[in-house]
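>
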Amino acid sequence: MLMLVVTIIIAAVVSAFAGGLTETQKAAPQLTMDVAIVNTGHSGSSYILFDVKGTSEPIPTKDLKIATSWTKASGEMGGGVCTVGEWNTNVAIPGHEEHGFKYNSPIGFGKGVQGKQGINTTTYGTGQYFANYTLVAGTTMKSSPAAYEMSGYGATDSYKYAVGEYWKETNIDGMMAILGKEWSKLRAGDTVDVRVTHIPSGKVIFTKTVGVQG
C-alpha cells in the first residue's frame, strides 16, 4: 500500500513538472516581419531592414537572438548571431567610442523605442540599441555598413572595406554584426536564412529566407 502511495505521489510530481514545462513552452510570443537585405557595394545604399508587422504581445529585444546563415553557389558560407552579450553585437570603431561609434546592432526605430531616435552612429540614442527596445507592430530594426570619409565600406572600391583613419580591419559594423564578417560577398540573387529565437522559452518565433537585392 505504501509503495502504491509513493508511486502515485511521484506520478503527480512528474505530471505537474511536465505541465509546467508545457506552460513555459507555450509562453513564446508570435512575431511577423518583413525583412530586406540590400548590398549595392556602397555604404549609403546598403542595409538590412526588419519591419515588424505584428506581435502577439510586446517583445523585449533583450529576450531575442537573431541568427543568420548563407551559402553562395561557390560554396562560401557566412552568417552572424545577435544577442545580448555576444561580441558581434558590440559594434565599435576602436579609439573613437567617445564620438558615439559604439552601439548594439540592429538599431531600433519607431514604436517600441523610448527616448531620442537619431539617424546615424553619432546621434543614436541608447534606447535604440538592440536589447534596449521592444518589438511591436510599427517597430523597425535597421543596420548599415560603416563608412567614414575615405575609409569603410565602398569608400574607394565597391563591395570592399577601405582601411583608413576611422576603419581598421579588426572593426565590426552593423552589417557584420548581423550577417557576419564576410557579408560583403553577398550579391543580388543570393539568399540569407534569418531566424529569431525567443530566449526565455527557447522557441524559434520567426524564420524567413530572404533574397539579397542589389
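Going by the UniProt record's numbering, the letters in the sequence shown line up with residues 1 to 214, in that order.
Ideal Cβ placement from N, Cα and C applies to all residues, glycine included.
Quick caveat: nothing in here was measured; it's all calculated off a predicted structure.
Taking buried to mean at least 16 other C-beta atoms within 10 Å of its own C-beta, is Thr24 buried or exposed?
The count along the sequence shown starts at 1 and reaches residue 24 at position 24. In this predicted model, Thr24 has a pLDDT of only 47, less than 50, meaning its place in the structure is not dependable enough to derive any value.
> Tell whether a beta-carbon distance below 9 Å holds between Ile37 and Gly211.
The residue you call residue 37 lines up with position 37 of the sequence shown. The residue you call residue 211 lines up with position 211 of the sequence shown. For Ile37 and Gly211, yes; Cβs fall inside 9 Å.
> Looking at C-alpha atoms only, which residue of Pro60, Asp34, Glu169, Thr40 is the closest neighbour of Val136?
As a working mapping, residue 136 is identified with position 136 in the sequence shown. That would be Pro60, whose Cα lies nearest to the Cα of Val136.
> From Thr89 to Val194, what distance separates their C-alpha atoms?
Taking the first residue of the sequence shown as 1, we reach residue 89 at position 89. Taking the first residue of the sequence shown as 1, we reach residue 194 at position 194. Residue placement at Thr89 cannot be trusted, given a pLDDT of 45 that sits under 50; the coordinates are not used to answer.
> For Ile178 versus Asp63, is the C-beta spacing smaller than 9 Å?
Here the question's residue 178 lines up with position 178 in the sequence shown. Here the question's residue 63 lines up with position 63 in the sequence shown. Cβ atoms of Ile178 and Asp63: not closer than 9 Å.
> Go ahead and label Gln128 buried or exposed: buried means 16 or more other beta carbons lie within 10 angstroms of its beta carbon, across all protein chains shown.
One-based indexing of the sequence shown puts residue 128 at position 128. The residue in question, Gln128, is buried, as its Cβ has 16 or more Cβ neighbours within 10 Å.
> What separation, rounded to the nearest whole angstrom, lies between the Cα atoms of Ser144 and Ser45?
Numbered from 1 along the sequence shown, position 144 holds the residue referred to as residue 144. Numbered from 1 along the sequence shown, position 45 holds the residue referred to as residue 45. One C-alpha to the other measures close to 8 Å.
> Give the DSSP-derived three-state secondary structure of Met77 in the structure shown.
Position 77 of the sequence shown, counted from the first residue, corresponds to residue 77. Of the three classes helix, strand and coil, the one that applies to Met77 here is strand, per DSSP.
> What do you get for Asp190, buried or exposed, if any count of 16 or more other CB atoms within 10 angstroms of its CB means buried?
In the sequence shown, the residue the question calls residue 190 occupies position 190. By the 10 Å Cβ count, Asp190 comes out buried.
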